[in-house]
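Residue numbers (the numbering used here), protein chains in the order written: chain A, 1483 to 1669; chain B, 904 to 1114.
No residue lacks a Cβ here, since even glycine has one placed at the ideal position from N, Cα and C.
Computed from a predicted structure; not experimentally measured.
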Amino acid sequence: METIVKKRIKQVIKGDQDAYAEVVEMYKDKVFHVCFRMLGNRHEAEDIAQEAFLRAYVNITSFNIELKFSTWLYRIATNLCIDRIRKKKPDYYLDAEVAGTDGLNMYSQIASDSRLPEEEVQSLELQETIQREISKLPEKYRSVIVLKYIEELSLNEISEILNLPLGTVKTRIHRGREALRNQLRYL
Amino acid sequence: MKCQEEIVVYMHEYLDDEISAEQEKELREHLQQCPDCQTHFHELKRTIALVQSSSHIQAPSDFTASVMVRLPKEKKKVGMQRWLRHHPLLTAASLFIVLMTGSLLSSWNDDPHLSVSKQPNLVIENDTVIVPAGEVVKGDVVVKNGNLKIDGQVEGSVTVINGENYQASAGHVTGEIEEVNELFDWMWYHIKNTAEEVMNIFGETETVKTQ
Chain A
1483 METIVKKRIK QVIKGDQDAY AEVVEMYKDK VFHVCFRMLG NRHEAEDIAQ
1533 EAFLRAYVNI TSFNIELKFS TWLYRIATNL CIDRIRKKKP DYYLDAEVAG
1583 TDGLNMYSQI ASDSRLPEEE VQSLELQETI QREISKLPEK YRSVIVLKYI
1633 EELSLNEISE ILNLPLGTVK TRIHRGREAL RNQLRYL
Chain B
904 MKCQEEIVVY MHEYLDDEIS AEQEKELREH LQQCPDCQTH FHELKRTIAL
954 VQSSSHIQAP SDFTASVMVR LPKEKKKVGM QRWLRHHPLL TAASLFIVLM
1004 TGSLLSSWND DPHLSVSKQP NLVIENDTVI VPAGEVVKGD VVVKNGNLKI
1054 DGQVEGSVTV INGENYQASA GHVTGEIEEV NELFDWMWYH IKNTAEEVMN
1104 IFGETETVKT Q
């Protein structure tokens, strides 16, 4: 995968936009997923994920081709998410609630159409709860938890993506896990 | 409660796969005796399982298209290059045509002098080549930028390029007679000749075609 990506990126550097479409196609789900878990709402996640790909394209010449492209891309995406979270801080929780009801509407529509089994509805509700709890984490814990448990990246990669020392990443994962444990223990 | 802090650190190291064998043993032994820590450890593992259970979500189907629309416009040159890459046959064909036309045009224009195929008994007067009466010229006769007058006999084809062919009634040509005056005739003649040469490479018998 990485070798194909590198080939495409060389074409992109020459100015070939079709090659970039392939790169976007390869990474869109992962980047979108990170953004969604970080921001907790689809609309914002799509906006930020698109912005991440746009920035990666514009700054492609500053990407060191020897490194892993995904790491670089995740770094752009997580930084954008963190910026967005910081900007939205005062009204963030309000926003999350709106997103939550949106989701509920969508799911209840599906349910009335195709009559999901009880279990599945429950698991959807559970997932929403988990997502809400992740969204409640302070942004510095949220990013490490998302990268570690949702993207399943190694501690080293996370430290590279967030540009943090490995020790800091470990501490944040420990604290993030403890915080989530407290939030989810009675579930 | 003194046990907690150290043990909790071990738990996290265990969850990160970074615990030493010795400390893992210590952790296990402690967990067996201490129900509080056991609960704590269990809750941590459950938390991770819950977080990981969240389903994979996919980007909207029009995601790539929306990104591509937002990109700055690409340079024209690249679009051209890509087109060439995707249509190799057309590219080769057009390149061939350009080169062929170029070389043909240059040979059409460059050489205004009279030239004639080498047969010993052809006579040249000013810009007219004469096959004298009573003589038999063997092989194909080609005259370029001049006229040809045939009084005798030619055992082969006659080609006059950029000139005229006068034939006396007694004149006799065994092969084909061809006059080439226009640019396209000239090109056609050239292509035909090239094709014939290629054929000759493949089939030896073709060489004696005029006999």
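- Each residue's CA atom was taken as its position, placing Leu1549/A and Glu1484/A some 10 Å apart.
- Setting aside the 5 residues that flank it on each side, Tyr1623/A is surrounded in the same chain by Arg1654, Arg1657, Gly1658 and Ala1661, each with a C-beta closer than 7 Å to its C-beta; the list follows chain order.
- Residues of the segment 950-967 of chain B with a C-beta less than 9 Å from any C-beta of chain A: Thr950, Ile951, Leu953, Val954, Gln955, Ser956, Ser957, Ser958, His959, Ile960, Gln961, Ala962, Pro963, Phe966 and Thr967, listed in chain order.
- Residues of chain B with a Cβ closer than 8 Å to the Cβ of Glu1507/A are, in chain order, Thr967.
- For Tyr1069/B, the three-state secondary structure derived from DSSP is strand.
- Taking 4 residues as the minimum length, the alpha helix (DSSP H) runs contained wholly in the segment 1638-1668 of chain A are 1648-1666, in order along the chain.
- Burial check for Glu1079/B: the Cβ neighbour count within 10 Å stays below 16, so the residue is exposed.
- One thing to note: Val1487/A has its Cβ no nearer than 7 Å to the Cβ of Ile1542/A.
- Using a CB distance cut-off of 7 Å, Met971/B counts as an interface residue toward chain A.
- For Val1628/A, no alpha helix (DSSP H) encloses it, and the DSSP letter there is neither H nor E.
- According to DSSP, residue pairing for His1075/B in a beta bridge involves Gln1056/B.
- For the pair of segments examined, the segment 1514-1534 of chain A was found to touch the segment 950-961 of chain B: the number of CB pairs separated by less than 8 Å reaches three.
- Secondary structure note for Thr1560/A: its alpha helix (DSSP H) is the uninterrupted segment Phe1551 to Lys1570.
- Leaving aside the five residues that flank Ile1547/A on each side, the residues in its chain whose CB is nearer than 8 Å to its CB run, in chain order, Lys1488, Ile1491 and Lys1492.
- Taking a C-beta distance under 7 Å as the contact criterion, Glu1081/B and Thr1062/B qualify as a contact pair.
- Spanning the alpha carbons of Gly1049/B and Val1034/B requires a straight line of approximately 13 Å.
- At a cut-off of 7 Å between beta-carbon atoms, Glu909/B makes no contact with chain A.
- Proximity of the segment 928-946 of chain B to the segment 907-918 of chain B meets the contact definition, three or more beta-carbon pairs being nearer than 8 Å.
- Sequence-distant partners of Gly1066/B (beyond 5 residues in either direction) whose C-beta falls short of 7 Å from its own C-beta, in its chain, are Val1046, Asn1048, Gly1049, Asn1050 and Leu1051.
- Residue pairing for Asn1050/B: DSSP places it in a beta bridge opposite Thr1031/B.
- Excluding the 5 residues flanking it on each side, Tyr1069/B has same chain C-beta neighbours closer than 6 Å at Lys1052, in chain order.
- By a beta-carbon distance limit of 8 Å, Thr967/B does not contact Lys1630/A. Their separation comes to about 27 Å.
- Using beta-carbon distances, His1656/A counts as an interface residue toward chain B, with a partner under 7 Å.
- For the C-beta of Asp1030/B, not a single chain A residue is nearer than 8 Å; the gap to the nearest is close to 57 Å.
- Separation of His1075/B and Val1040/B (C-alpha to C-alpha, rounded to the nearest whole angstrom) is 10 Å.
- When DSSP reads this structure, Glu1081/B sits in a beta bridge with Thr1062/B.
- Boundaries cannot be given for Lys1021/B, as no alpha helix (DSSP H) includes it and DSSP labels it neither H nor E.
- Between Arg1557/A and Ile1643/A a beta carbon distance of about 5 Å is seen, short of the 8 Å cut, so the two are scored as contacting.
- Within its own chain, the residues whose Cβ lies closer than 7 Å to the Cβ of Ile1640/A, once the five positions on either side in sequence are excluded, are Val1626, Leu1629, Lys1630 and Val1651, listed in chain order.
- Within chain B, the C-beta atoms nearer than 9 Å to that of Glu1528/A come from Ala962, Pro963, Phe966 and Ser969, in chain order.
- Closest in C-alpha terms to Gln1499/A, from the list Asp920/B, Glu1099/B and Gln984/B, comes Gln984/B.
- When Cβ-Cβ separations below 7 Å define contact, Leu947/B makes contact with chain A.
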